[in-house]
Every structure is written in C-alpha cells, then in structure tokens.
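Reviewing the structure listed below.
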Amino acid sequence: MTLTESAPAPADEVVLEAVGLTKHFPVRRRLRDLLSRTPAVVHAVDDVSIALRRGRVTALVGESGSGKSTVARLLAQLYPRTAGDIRLHGRSTRVRGGHRFRAYVRRVQLILQDPFASLNPVHTVRYHLTRSLRIHGNAGTGPDGLEKALAGLLTRVALTPPERYLDAFPHELSGGQRQRVAIARALGADPEVLLADEPVSMLDVSIRLGVLNLLQDLKDRLDLAILYITHDIASARYFADETIVMYAGRMVEGGDSETVTQRPAHPYTRLLIESAPDPERITGAGGDGAAAGERGHGEPPSLIRPPAGCRFHPRCPAAMPRCATDLPPPMPVDDAPGHWAACWLYDADTVATEKPANAEKPAKAEKPANTEHAEQAGTEAGR
Ligand code: SF4
1 MTLTESAPAP ADEVVLEAVG LTKHFPVRRR LRDLLSRTPA VVHAVDDVSI
51 ALRRGRVTAL VGESGSGKST VARLLAQLYP RTAGDIRLHG RSTRVRGGHR
101 FRAYVRRVQL ILQDPFASLN PVHTVRYHLT RSLRIHGNAG TGPDGLEKAL
151 AGLLTRVALT PPERYLDAFP HELSGGQRQR VAIARALGAD PEVLLADEPV
201 SMLDVSIRLG VLNLLQDLKD RLDLAILYIT HDIASARYFA DETIVMYAGR
251 MVEGGDSETV TQRPAHPYTR LLIESAPDPE RITGAGGDGA AAGERGHGEP
301 PSLIRPPAGC RFHPRCPAAM PRCATDLPPP MPVDDAPGHW AACWLYDADT
351 VATEKPANAE KPAKAEKPAN TEHAEQAGTE AGR
C-alpha cells in the first residue's frame with residue numbers, strides 16, 4: 001500500500017477500539033501511607049470506551065486534567081494500561097517495545113501538541129522525514145525513490161515547493177509549518193489512525209484552521225481514523241463527526257458532534273460550552289450572564305480521592321442525593337440516535353423520586369460560543 005492509496009475497506013469500519021480503558025498512576029508513598037492497605041493512586045482514566053472508525057474524526061473534549069491526553073498515550077501504547085483492552089481491527093493488542101511496538105506504530109501514529117518540542121532542533125526536515133520513511137519501510141528504492149517519497153510527504157501537507165523546506169531546521173519554520181512537518185513525519189509510517197493530541201492549541205489562532213483543514217483533507221483522501229483531542233468544544237463541532245466529553249477521568253457524554261454541541265445534555269458539557277468567551281454573555285446582552293456564572297462553580301476534584309457517585313456532583317447545580325453515592329451509567333438522551341449522557345437526570349425513576357426544584361432541564365438548541373467565529377474563519381480560510 002502506498003501513501004496515496006488506501007486498502008479497500010468497509011466505510012465506517014472500526015480500526016482502533018478502546019474497551020473499558022483504565023489507567024491509575026501510583027503515587028509516591030509517604031510514611032503515614034505505609035499503614036494504609038490500599039496504595040494511593042491517581043485515577044487518571046476510568047472505564048473509557050471509544051471506537052475510531054475509518055474516514056471519521058472522533059473528538060475527545062475536556063478541561064486540563066480530565067484524562068484525555070492519557071487516553072491518547074494509552075492508545076499509542078506509550079503507557080501500560082491498568083485495565084481494559086485496546087483492539088486493532090478487532091484483535092486485542094498489548095505491546096511493550098521491540099518489533100511488535102514498531103508494527104503497531106506503523107498503523108497508529110501520535111501527533112503531539114508542541115511541534116517545536118516534538119522535532120529535534122539540531123536536525124533538518126529532511127532528517128526527520130527520512131528517518132520516519134526508513135523505519136517504516138516507505139523510503140522507496142534508491143536515492144531517487146527517497147527524494148520522491150520526501151517530496152510526496154511535504155506536498156501532502158501543503159509545504160510546497162518541497163525543496164524550500166527539506167533542508168530547513170525547525171527554528172526556521174513557523175509554528176504551523178512545524179506542525180505540518182510533524183504531521184508529514186506521522187504520514188511517513190502510512191498509518192491508519194492518527195491520534196492528534198491538541199494539535200492546534202499551541203498555534204496562532206490565524207493558522208489553526210489551516211491545520212484543521214489539512215487534517216480533514218487527509219482524513220478524506222487517506223480514509224484515516226482520527227482521534228482529535230481538544231479543550232475547545234467549538235472546534236470539535238467544526239471538525240469532528242462524533243464528540244465524547246470527559247470529566248475527571250470518566251466519559252460523561254457522547255454523540256454526533258452537532259447534537260452534543262447544540263443540545264448538550266450533561267451539566268458539565270453545558271458548563272464547557274458556557275465557559276467559552278461570549279461578548280453577549282459577558283455584557284449581559286444575552287440575558288443569561290449571571291446564571292451562567294453560577295453554574296458549575298468550584299474546581300475539578302482530586303483524582304487521588306475522586307468523589308463517590310458522579311464525579312461532577314460537588315460542582316453540579318442539579319445534583320440529587322443519589323448523585324453523591326451511585327455512579328451514573330451512560331443513559332440514552334432521547335433527542336438523537338446515539339446521543340447519551342452519564343447523568344441521573346436521564347433516568348426517569350431517579351428524577352421522579354429525587355429531582356430537586358432547581359434541577360436544570362436539558363438545554364435548548366443554541367449555538368455554542370465561538371462557533372460563529374470558527375465558521376467565519378473557515379469561510380475565510382477557504383478563500
Ligand atoms: Fe449532576 Fe447528578 Fe447528573 Fe452528576 S448525575 S451531572 S451530579 S445531575
């Protein structure tokens with residue numbers, strides 16, 4: 001298979017899947033902890049299940065510390081998992097270095113947030129791309145084959161003419177160009193899955209959309225399955241087919257991106273959307289400024305001793321007694337197929353017996369803050 005071709009496969013085929021993925025990091029024990037029978041751990045990720053499908057983008061959204069980057073590193077097999085399974089084309093995989101790890105990364109590539117840190121400053125673009133092509137057996141035959149493969153990679157990420165960039169060092173490139181080189185290096189493996197961990201968050205606002213458009217183009221042309229990790233839920237609506245929201249290491253809501261961002265069901269997703277800057281809300285012109293500020297007050301919980309029940313309950317304005325004791329499972333939200341929320345508000349029995357007078361109803365359809373800016377920028381980028 002070449003970089004320009006994809007193996008024929010059913011549309012929407014699940015390429016990479018996480019089932020009940022869990023990661024607990026041990027905490028260094030202090031003297032008084034030695035008396036405790038259960039060693040302290042950070043519950044970074046608990047029971048996360050995601051299916052990445054060919055030709056589709058899945059966004060994983062949440063604030064810092066929600067566990068979304070840990071999920072990417074688990075899927076890249078950079079961390080051993082505590083529990084759960086990772087399946088590539090339906091086959092359980094657990095690799096720890098060696099040729100099996102190399103075979104795995106040939107299929108699954110990780111793009112990091114900081115393109116400057118991910119490229120070696122003393123080596124040129126040619127070095128980075130040649131290394132990737134050679135390691136993964138895509139360097140072609142002879143010097144001509146290598147030059148052709150290098151030019152193909154740079155053309156694919158719109159760094160043209162290629163000869164202008166091949167011998168440049170990372171510090172001679174802009175942030176957007178560096179991220180494109182990092183993407184080209186990932187493509188050197190000819191992968192099926194890209195795990196993009198906040199790929200635009202360190203770039204200037206003006207060039208973010210260009211990089212997102214590039215990823216969209218690669219998804220369409222190469223039929224890639226892409227995991228897009230971000231704290232910006234508005235960009236998830238613009239870029240992703242499906243959106244999953246994480247809070248304190250757990251998945252709390254999921255569904256198609258349009259539904260999750262337009263009709264958020266979980267109180268935390270509503271808080272995320274309301275937290276995006278919106279001049280109308282700040283000035284009170286939208287009439288909801290005070291209410292938005294009162295929602296979801298407080299800080300994310302400690303992941304060493306996460307709250308029992310729903311982890312959002314200490315911050316949730318709609319919390320009911322049951323929320324502090326029982327973990328809500330994913331429950332269907334009856335507004336769109338596949339839309340779910342892990343929230344007791346969507347359990348009819350719980351609501352009938354416990355719903356407080358101030359519990360919020362599911363939000364009305366409304367445009368998330370920033371979306372108009374993203375759409376406008378998208379229009380401008382397309383010009
Ligand atoms: Fe709020 Fe309870 Fe729903 Fe958690 S389960 S988000 S505390 S209403």
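Counting from 1, one number per residue, gives the positions in the sequence shown under the UniProt record's numbering.
Ideal Cβ placement from N, Cα and C applies to all residues, glycine included.
Bear in mind that the values here come from a model prediction, so they are computed numbers and not experimental data.
Alpha carbon to alpha carbon, how far is residue i from residue j?
{"i": "R106", "j": "A189", "result": "5 Å"}
{"i": "D334", "j": "P264", "result": "12 Å"}
{"i": "A291", "j": "P199", "result": "Any reading at A291 needs caution, since the residue's pLDDT is 46, under 50, leaving its predicted position unreliable; the model's value is listed next. When rounded, the distance between both Cα atoms is 33 Å."}
{"i": "R87", "j": "Q77", "result": "11 Å"}
{"i": "T141", "j": "L133", "result": "11 Å"}
{"i": "L146", "j": "T130", "result": "8 Å"}
{"i": "R221", "j": "R56", "result": "12 Å"}
{"i": "R91", "j": "S174", "result": "40 Å"}
{"i": "W340", "j": "P267", "result": "13 Å"}
{"i": "Q216", "j": "R100", "result": "29 Å"}
{"i": "I233", "j": "D144", "result": "44 Å"}
{"i": "H313", "j": "A319", "result": "6 Å"}
{"i": "T38", "j": "P332", "result": "35 Å"}
{"i": "A365", "j": "V260", "result": "Annotation note: pLDDT 41 at A365 (below 50); position unreliable, no value reported."}
{"i": "V205", "j": "H89", "result": "36 Å"}
{"i": "D347", "j": "G255", "result": "18 Å"}
{"i": "Y127", "j": "I135", "result": "12 Å"}
{"i": "M202", "j": "H24", "result": "28 Å"}
{"i": "V338", "j": "Q262", "result": "The sequence given here has Gly at residue 338, not Val. Distance between the alpha carbons of G338 and Q262: 15 Å."}
{"i": "L187", "j": "G98", "result": "21 Å"}
{"i": "D223", "j": "V193", "result": "9 Å"}
{"i": "P191", "j": "K219", "result": "11 Å"}
Counting along the chain, where does the beta strand (DSSP E) carrying residue i start and finish?
{"i": "H43", "result": "41–53"}
{"i": "F25", "result": "14–26"}
{"i": "V333", "result": "Run containing V333: none; DSSP gives neither H nor E here."}
{"i": "P252", "result": "The sequence as given places Val at residue 252; Pro does not occur at that position. Looking at the DSSP string, the run of the beta strand (DSSP E) that includes V252 is 250–256."}
Within a Cβ cutoff of 7 Å, which residues of the same chain sit near residue i, ignoring the five residues on either side of it in sequence?
{"i": "A308", "result": "A324, T325"}
{"i": "S257", "result": "A59, A236, R237, A240, D241, E242, T243"}
{"i": "A151", "result": "P162"}
{"i": "V157", "result": "R180, I183, A184, L214"}
{"i": "A149", "result": "L133, N138, A139, G140"}
{"i": "R311", "result": "Y247, A248, R250, P301"}
{"i": "V27", "result": "A40, V41, V42, I304"}
{"i": "L119", "result": "H128, P170, R178, V181, A182"}
Quick one: what's got a C-beta closer than 8 Å to residue i's C-beta in the same chain, skipping five residues either side?
{"i": "G287", "result": "Any reading at G287 must be qualified, since the residue scores a pLDDT of 45, below 50, and its modelled position is unreliable; the value itself is stated next. Taken in chain order, the list of residues that qualify is empty."}
{"i": "P121", "result": "F169, P170, H171"}
{"i": "T22", "result": "V45, D46, D47, V48, R81, T82, A83, G84"}
{"i": "A117", "result": "none"}
{"i": "R322", "result": "G309, W344, T350, E354"}
{"i": "Y165", "result": "V125, L154, L159, L173, Q177, V181"}
{"i": "D167", "result": "T124, V125, R126"}
{"i": "A104", "result": "A quick correction: the sequence has Tyr, not Ala, at residue 104. These residues qualify, in order along the chain: Q77, L88, T93, V95."}
{"i": "G65", "result": "A248, P300, L303"}
Please return the same chain residues whose Cβ sits closer than 6 Å to the Cβ of residue i, not counting the five positions on each side in sequence.
{"i": "L53", "result": "It should be noted that the sequence gives Arg, not Leu, for residue 53. D12, V14, A225."}
{"i": "A342", "result": "V252, P328, P330"}
{"i": "K68", "result": "L60, G62, I229, M246"}
{"i": "L110", "result": "A76, L195"}
{"i": "R73", "result": "Y79"}
{"i": "T269", "result": "V245, E253"}
{"i": "E17", "result": "A51, R87"}
{"i": "D197", "result": "S69, A72, L112, Q113, I229"}
{"i": "I207", "result": "G176"}
{"i": "P115", "result": "R178, Q179, A182"}
For the alpha helix (DSSP H) that residue i lies in, which residues bound it at each end?
{"i": "V351", "result": "348–354"}
{"i": "R270", "result": "267–275"}
inquiry  = Extract the residue ranges of the alpha helix (DSSP H) inside the segment 160–241, only unbroken runs of 4 or more that lie entirely within it.
reply    = 175–187, 205–222, 233–239
request  = Enumerate, from N- to C-terminal direction, the unbroken alpha helix (DSSP H) stretches of 4 or more residues contained entirely within the segment 123–147.
outcome  = 125–135
request  = Identify every run of the alpha helix (DSSP H) within the segment 49–126, keeping only runs that are complete inside it and at least 4 residues long; order them along the chain.
outcome  = Qualifying alpha helix (DSSP H) stretches, in chain order: 68–75, 98–107, 115–118.
task = Could you please go through the chain and list the residues whose beta-carbon is closer than 6 Å to any non-hydrogen atom of the ligand SF4?
result = H266, P267, C310, F312, H313, C316, A318, A319, M320, C323, P328, C343, W344, L345
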